[in-house]
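Numbering (this note's numbering), first residue to last: 75 to 241. What follows is one structure encoded as structure tokens, with my remarks underneath.
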Ligand code: SF4
């Protein structure tokens, strides 16, 4: 399985809770106002990587608190991200994911694409919705805007209602 990535950040403390490895997806059609990662928009950019190699390397890095998927738009490369997520989950690796889709949009996509369900059901925490630089949220250590929510995915799926993540 191959995946197109804009970059990998081996160690980050500003893309989720704790020390995380960050996988930046290449390709995003949302084109949010003030996006910090506009180089990730083209779907033909970045670098093609082997998913199993990424997984095996990451499993060796036992000092990590977890991994983060961000963008680009991970849900627009849903098959390889679901593949990564499933394997990470199986190995008890904590997964955060940034998406430009809202939770409600993903619930709609789930009914049309089982891969969306696969990815979402493996993720622990989701930061959802379009970025808007006019609505900057200074409370979070990662760039985010006040319309975006930090969602506890597993609890939310269980009761079919958004439950916000608490540390
Ligand atoms: S979803 Fe993320 S990568 Fe895509 S345009 Fe918005 S902020 Fe940029």
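Where a beta carbon is used, it is the ideal one built from N, C-alpha and C, also for glycine. Here the structure is a predicted model, which is why all the values come from computation and not from measurement.
For this session: Compute every distance between the C-beta of residue 106 and the non-hydrogen atoms of the ligand SF4, then say whether any falls below 6 Å.
Result: Under cutoff, so the answer is yes.
Exercise. Apart from the five residues just before and just after residue 153, which ones in its own chain have a Cβ nearer than 7 Å to its Cβ?
Worked result: So the qualifying residues of the chain are 189.
Exercise. Which of helix, strand or coil does DSSP assign to residue 164?
Worked result: Per DSSP, reduced to three states, the secondary structure at residue 164 is helical.
Exercise. Where do the ends of the beta strand (DSSP E) carrying residue 129 lie?
Worked result: For residue 129, no beta strand (DSSP E) segment is defined; the enclosing uninterrupted segment is the alpha helix (DSSP H) at 125-134.
For this session: Put residue 222 into one of helix, strand or coil per three-state DSSP.
Result: In the structure shown, residue 222 sits in coil (DSSP, three-state: anything other than H, G, I, E or B).
Exercise. According to the Cβ coordinates, are residue 129 and residue 76 closer than 7 Å?
Worked result: Residue 129 is not a Cβ neighbour of residue 76, given a cutoff of 7 Å.
Problem set entry | Residue of 241, 234, 93, 219 minimising C-alpha distance to residue 172 | Ranking 241, 234, 93, 219 by Cα distance to residue 172 puts 219 first.
For this session: Starting from the Cα of residue 126, find the closest Cα among 107, 120, 151, 157 and give me that residue.
Result: Nearest of 107, 120, 151, 157 to residue 126, Cα basis: 157.
Exercise. Between which two residues does the alpha helix (DSSP H) containing residue 182 stretch?
Worked result: That run of the alpha helix (DSSP H) goes 177-184.
For this session: Just tell me which of 104, 197, 103, 180 has its CA closest to the CA of residue 141.
Result: Per the Cα distances, 197.
Exercise. Does the ligand SF4 have even one heavy atom less than 6 Å from the beta-carbon of residue 189?
Worked result: Checking the Cβ of residue 189 against the ligand SF4 gives no.
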